[in-house]
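Protein chains in written order, with UniProt numbering: chain A, 1 to 128; chain B, 1 to 128. We put the beta carbon where it would ideally sit given N, CA and C, even for glycine. None of the values given here were measured: they were computed from a predicted structure.
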């Protein structure tokens, strides 16, 4: 995991950095997750998003179960060097485990979270 | 701070939620910050982004010094209810304290973070 670019990142105390995944064409925000140093290095090397699963405490190659990998076209860093933005091509057009294009499918309307996006594929058929 | 929609958010142990601010027209990600329950309630009530400054430990009405307020047009929630996405209209066209449109102005090229966006306004003239 060489690369001084990794040293420039202001990792959290837990050694993580928040990552926003954005569709490179539509500009839609597809998901938000975390990476550690190893997963970010792998993301750069492999060209596909590799996150750090905080719940499972292990590397999480996005799409390893669903097949919905995220091809990474650009990696960007913010002014404080503590947030990463990746521009991706979402394989299968589905980023969310609910079977939707994006994890952000609820919008606040009249004081309630309303679902504004359809399920494109039944999760039962995604995760077998 | 009533509103059951606030109760549906999975706040961190510190009572915060990460917030992504996206330009409602261009789709560009302008910044990333945090909100607590009070700041999110105020954001909804006032129609302009109010963050929680972790460094200063106080409410931070975006633009209070710079004048670069963020009019909030939509508030979205992700599948795990632990990340907020706001669609905004950025007053002044500058979200970053460096005087750039977006805080994400560095891109990884050939193993280095390269600045790919211009400074639109000298920060010295923004923060007087």
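Option in the options with minimal Cα separation from residue i
i: residue 84 of chain B; options: B:92, B:91, B:75 and B:90; result: B:75
i: residue 116 of chain B; options: B:61, B:64, B:104 and B:24; result: B:104
i: residue 54 of chain A; options: A:17, A:98, A:125 and A:100; result: A:17
i: residue 31 of chain B; options: A:24, A:15, A:82 and A:44; result: A:82
i: residue 89 of chain B; options: B:45, B:73 and B:96; result: B:73
i: residue 94 of chain A; options: A:112, A:114, A:111 and A:22; result: A:22
i: residue 120 of chain B; options: B:109, B:111, B:114 and B:92; result: B:92
i: residue 128 of chain A; options: A:65, A:102, A:29 and A:100; result: A:65
i: residue 27 of chain A; options: A:87, A:7, A:37 and A:43; result: A:87
i: residue 60 of chain A; options: A:33, A:9 and A:77; result: A:33
i: residue 96 of chain B; options: B:112, B:77 and B:124; result: B:124
i: residue 8 of chain A; options: A:100, A:79 and A:45; result: A:79
Where the beta strand (DSSP E) through residue i begins and ends
i: residue 120 of chain B; result: No beta strand (DSSP E) contains residue 120 of chain B, which DSSP labels as neither H nor E.
i: residue 70 of chain B; result: 70-78
i: residue 90 of chain A; result: 84-90
i: residue 130 of chain B; result: Missing from the structure shown is residue 130 of chain B; chain B here goes from 1 to 128 and no further.
i: residue 51 of chain B; result: 50-53
Chain B residues whose Cβ lies nearer than 8 Å to that of residue i
i: residue 58 of chain A; result: Going along chain B, no residue has its Cβ under 8 Å from residue 58 of chain A, so there is no contact; the nearest lies around 18 Å.
i: residue 101 of chain A; result: Chain B residues near residue 101 of chain A: none, gap ~12 Å exceeds 8 Å.
i: residue 20 of chain A; result: 20, 29 and 32
Coarse secondary structure for residue i, derived from DSSP in three states
i: residue 113 of chain B; result: strand
i: residue 102 of chain A; result: coil
i: residue 107 of chain B; result: strand
Proximal residues of chain B, C-beta to C-beta of residue i below 7 Å
i: residue 113 of chain A; result: 5, 8 and 77
i: residue 85 of chain A; result: 29 and 104
i: residue 53 of chain A; result: Chain B residues near residue 53 of chain A: none, gap ~12 Å exceeds 7 Å.
8 Å Cβ cut-off: residues of chain A touching residue i
i: residue 24 of chain B; result: Neighbours of residue 24 of chain B on chain A: none; closest Cβ ~11 Å, over 8 Å.
i: residue 97 of chain B; result: 79
i: residue 108 of chain B; result: 5, 44, 74, 75, 76 and 77
Residue range of the alpha helix (DSSP H) that includes residue i
i: residue 10 of chain B; result: That residue, residue 10 of chain B, is in no alpha helix (DSSP H); it is neither H nor E in DSSP.
i: residue 25 of chain A; result: Per DSSP, residue 25 of chain A belongs to no alpha helix (DSSP H) and is neither H nor E.
i: residue 39 of chain B; result: 37-46
Residue i beta carbon near the ligand PLP (any heavy atom closer than 7 Å)
i: residue 15 of chain A; result: Questions concerning the ligand PLP fall outside what the structure shown contains, since it holds no ligand whatsoever.
Note to self: Check whether the stretch 33-51 of chain A and the stretch 64-75 of chain A are in contact - that is, three or more C-beta pairs closer than 8 Å.
What the structure shows: By the criterion of at least three beta-carbon pairs nearer than 8 Å, the stretch 33-51 of chain A is in contact with the stretch 64-75 of chain A.
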